[in-house]
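Engineer: For the sequence shown, the working numbering gives the first residue as 12, with consecutive numbering after it. First the structure, then my questions, so here it is.
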Amino acid sequence: MTEPELLTVEINGFPTRIWRKGSGKPLGFLAGFGGLPRWVPFLDALAAKRTVIVPSLPGFPGGDRGHSVLDTHLDWVLATRRLLGAAGLDGADLAASSVGASLAAEVAALWPETRRKLALIAPFGLFDERDPPTDPWAQRMTDLPGLLTADPERWKALKAVPEGANSVEWPIEQTRASEAAARIFWPLGNTRLEKRLPLVSAPTLLLWGEQDRIMPRSYAARIAGLLGGPSETRIIPGAGHLAELDAPEAVAAAILAFTE
12 MTEPELLTVE INGFPTRIWR KGSGKPLGFL AGFGGLPRWV PFLDALAAKR
62 TVIVPSLPGF PGGDRGHSVL DTHLDWVLAT RRLLGAAGLD GADLAASSVG
112 ASLAAEVAAL WPETRRKLAL IAPFGLFDER DPPTDPWAQR MTDLPGLLTA
162 DPERWKALKA VPEGANSVEW PIEQTRASEA AARIFWPLGN TRLEKRLPLV
212 SAPTLLLWGE QDRIMPRSYA ARIAGLLGGP SETRIIPGAG HLAELDAPEA
262 VAAAILAFTE
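Structure follows, in structure tokens:
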């Protein structure tokens, strides 16, 4: 894999990483739980046909300590809106996963003119006590890889310290990503997103890993029934919650076909 172009913008006073690679119409991607400490094969599969733009959410890898000044859910939504605008993604297609998918849906609901099409991979933001999500912050660190992915080695590879990285800073950055997500969704992951989903008018593709152990598959039907615009749902065989890590080619192909 060749390295993406690296850009930096300032969001709420903190330097924020934006990756860019490929050619063609722009397609944004907001990462899921844990963020993206490195470029992954899924992004290369998208970049084969599109200009892929990957902004880092505050506090996630590449987002510095931007989460530290976000005190309310509205703060997070506004920061995400500013970030997408600064990345040049207004009016573009947007794909997002997990915690990022929840924020992508929020922006699409409140600023519908900024989105063309959405592809959401197992979004956080809903809670049903009859079929609750798994709380990732209540798990042992050793169990987390098997909950987030069908193949735990894919999560471990994502989080492994790369050659040349600061061995002290690297684990701090990864822990900060979990803390940032907790500031949005802890303890139940419930932001009452269902109240805003009817405002999402953009055509939306819902993607769910067949082996998702975090977000119940029943939530896909619930989200589809609440969306204000047309939607399609695809189940990705052999994939877990972060389906883009387990099945990068299949997830990328589904997104590219839907957004063409």
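Idealized CB from N, CA, C, for every residue including glycine.
Give, in chain order, every unbroken run of the beta strand (DSSP E) that is at least 3 residues long and sits entirely within the stretch 12-47.
Structural biologist: Contiguous beta strand (DSSP E) elements confined to the stretch 12-47 occur at 16-22, 25-32 and 37-41, taking only those with 3 or more residues.
Engineer: Note down the Cα distance separating Arg-76 from Glu-221, rounded to an integer number of angstroms.
Structural biologist: Numbered from its first residue, the sequence shown carries residue 76 at position 65. Numbered from its first residue, the sequence shown carries residue 221 at position 210. Distance between the alpha carbons of Arg-76 and Glu-221: 34 Å.
Engineer: Per DSSP, what kind of secondary structure is Leu-253 in: helix, strand or coil?
Structural biologist: Locating residue 253 in the sequence shown gives position 242, counting from the first residue. DSSP places Leu-253 in coil when its eight states are reduced to three.
Engineer: If you count every other CB in all the chains shown that lies within 10 Å of the CB of Gly-24, and 16 or more means buried, which is it?
Structural biologist: Position 13 of the sequence shown holds residue 24. By the neighbour-count rule (16 or more Cβ atoms within 10 Å), Gly-24 is not buried but exposed.
Engineer: Can you tell me which of Ser-109, Thr-153 and Asp-162 puts its alpha carbon nearest to the alpha carbon of Pro-248?
Structural biologist: Residue 248 sits at position 237 when you count from the first residue of the sequence shown. Answer by Cα proximity: Asp-162.
Engineer: Does the stretch 98-115 come close enough to the stretch 128-144 to have 3 or more Cβ pairs within less than 8 Å?
Structural biologist: yes
Engineer: Going straight from the alpha carbon of Ile-22 to that of His-78, what length do you get?
Structural biologist: Start at 1 with the first residue of the sequence shown, and residue 22 comes out as number 11. Start at 1 with the first residue of the sequence shown, and residue 78 comes out as number 67. Those two C-alpha atoms are separated by around 10 Å.
Engineer: Just to confirm the assignment, what range does the beta strand (DSSP E) spanning Ala-174 have?
Structural biologist: Within the sequence shown, residue 174 is the residue found at index 163, counting from 1. According to the sequence shown, residue 174 is Glu rather than Ala. Where Glu-174 is concerned, there is no enclosing beta strand (DSSP E), given that its DSSP letter is neither H nor E.
Engineer: Grab the span of the beta strand (DSSP E) containing Thr-62 for me, first residue to last.
Structural biologist: Sequence index remark: in the sequence shown, residue 62 carries index 51 (1-based). Note, Thr-62: beta strand (DSSP E), 62-66.
Engineer: When you compare each of Ala-268, Trp-50, Gly-239 and Ile-266 to Leu-208 by their alpha carbons, which one comes out closest?
Structural biologist: The residue given as residue 208 occupies position 197 in the sequence shown. That would be Gly-239, whose Cα lies nearest to the Cα of Leu-208.
Engineer: In this structure, how does DSSP classify Arg-233 when only helix, strand and coil are distinguished?
Structural biologist: Sequence index remark: in the sequence shown, residue 233 carries index 222 (1-based). Three-state result, Arg-233: helix.
Engineer: Under the assumption that Gly-39 contacts Leu-105 (Cβ atoms under 8 Å), give the Cβ distance between them as a whole number of angstroms.
Structural biologist: Locating residue 39 in the sequence shown gives position 28, counting from the first residue. Locating residue 105 in the sequence shown gives position 94, counting from the first residue. Indeed, because the Cβ distance is near 4 Å, the residues count as touching under 8 Å.
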